[in-house]
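Below: the structure, in structure tokens.
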Amino acid sequence: MLHTSLKIIVTKGYVKLLKYGDSLYRCKCVKVVALGHMCTVIKRVDPSLAYLEQVRQHMARLPSIDPNTRTVLICGYPNVGKSSFINKIMRVDVDVQPYAFTTKSLFVGHIDYKYMRYQVIDTPGILDRPFEDYNIIEMCSITALTHLRAAILFFLDVSGSCVCNKTDLQPLEGISKENMKLVNEMKAEALKTLVGQGGEPTDNNSVLLTHFDRKGAIAVKNAACKRLLDQRVEIKMKSKKINNCLNKFHVAVPKPYD
1 MLHTSLKIIV TKGYVKLLKY GDSLYRCKCV KVVALGHMCT VIKRVDPSLA YLEQVRQHMA
61 RLPSIDPNTR TVLICGYPNV GKSSFINKIM RVDVDVQPYA FTTKSLFVGH IDYKYMRYQV
121 IDTPGILDRP FEDYNIIEMC SITALTHLRA AILFFLDVSG SCVCNKTDLQ PLEGISKENM
181 KLVNEMKAEA LKTLVGQGGE PTDNNSVLLT HFDRKGAIAV KNAACKRLLD QRVEIKMKSK
241 KINNCLNKFH VAVPKPYD
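The opening position of the sequence shown corresponds to residue 1 in the numbering used here, with each subsequent residue numbered one higher.
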């Protein structure tokens, strides 16, 4: 718009007037009038230009996210230890505070698993409320969950110290039978595990995690990366394009010699 306005002013308006200037003084007056007209146009679009500059600066600060690569998405309630988990599995120093919504935007990092690069995204906390009540910070997490095909690690505080515990928002007798059954099963598993007293998980897929020990965080990271890798391999094996690639491979196993 700005380029078009200046082009119209210079080429169609005042360049033609210069042809009729019979002296240097009149040509100079035409130049002054043209510059004044240009400044008026710029002042009219100045608020729009300022807004575009803010958008440019905001987009420059956005992380570079590859939607096609292997991605591990970390999300959950506010103030449940998502950023602390990031600090354990990567060599970074994400700001961790004892209050909610410390993370206000997406944080992107990278980890390695079986000599392959994985993309890890730390998202802001999400409150349990209607969709129309979400703010801009929470919409960052919602957008990432919607548009990224990733392995999702959802964090919640089972100790009840988090103010965003879902069962605290309504009385226990008010939840549905399915949710009541889920709560009872989680309670039974927690009693069997005896976390913090040397107990062992009752399920092979369960991993004990604490932010005081880096081994548990690494175990959770490896489990998530393994599941994501197995799922991607299974999807590729079911596709038709894999047949064109398998015909080009030949696996030879040498016989051992005594």
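Glycine included, C-beta positions come from ideal geometry on N, C-alpha and C.
Asked                                                                                             : Found
Local Cβ density within 10 Å of Gln119, reported as buried at 16 or more and exposed below that   : buried
Assumed close pair Ala100, Gly125 - CB separation to whole angstroms, cut-off 8 Å                 : 6 Å
Per-residue DSSP class, three states only, for His250                                             : coil
Ala144 vs Thr123 beta-carbon contact at 8 Å                                                       : yes
Inter-residue spacing [alpha-carbon to alpha-carbon] between Ser141 and Glu132                    : 14 Å
Expected contact under 8 Å - CB spacing of Leu153 and Val80 to nearest Å                          : Incorrect: roughly 11 Å between the Cβ atoms, too far for contact.
Cα-Cα separation, Met237 to Arg227                                                                : 15 Å
DSSP beta-bridge partners of Cys75                                                                : Phe154
8 Å CB neighbourhood of Asp93 in its chain, flanking five on each side removed                    : Asn87
Where Phe101 falls: helix, strand or coil (DSSP)                                                  : coil
Closest Cα partner of Arg61 within the set Ser239, Glu138, Lys104, Gly36                          : Lys104
For Gly278, the first and last residue of its enclosing alpha helix (DSSP H)                      : Lying before the first or after the last residue shown, residue 278 is absent from the chain, which here runs from 1 to 258.
Short Cβ contact (8 Å threshold) for Leu18 with Val33                                             : no
Start and end residues, beta strand (DSSP E) containing Tyr291                                    : It is not possible to answer for residue 291, since the shown part of the chain is limited to 1 through 258.
As assigned by DSSP and simplified to three states, the class of Gly21                            : coil
Proximal residues to Gln231 (C-beta, below 7 Å), its chain only, five neighbours per side dropped : none
Whether Ala252 touches Ile89 by CB criterion (8 Å)                                                : no
Beta carbon of Thr71 nearer than 8 Å to that of Ile121                                            : yes
Proximity winner among Ser239, Phe107, Ile136, relative to Lys82 (alpha-carbon distances)         : Phe107
Cys225 beta carbon less than 8 Å from that of Tyr113                                              : yes
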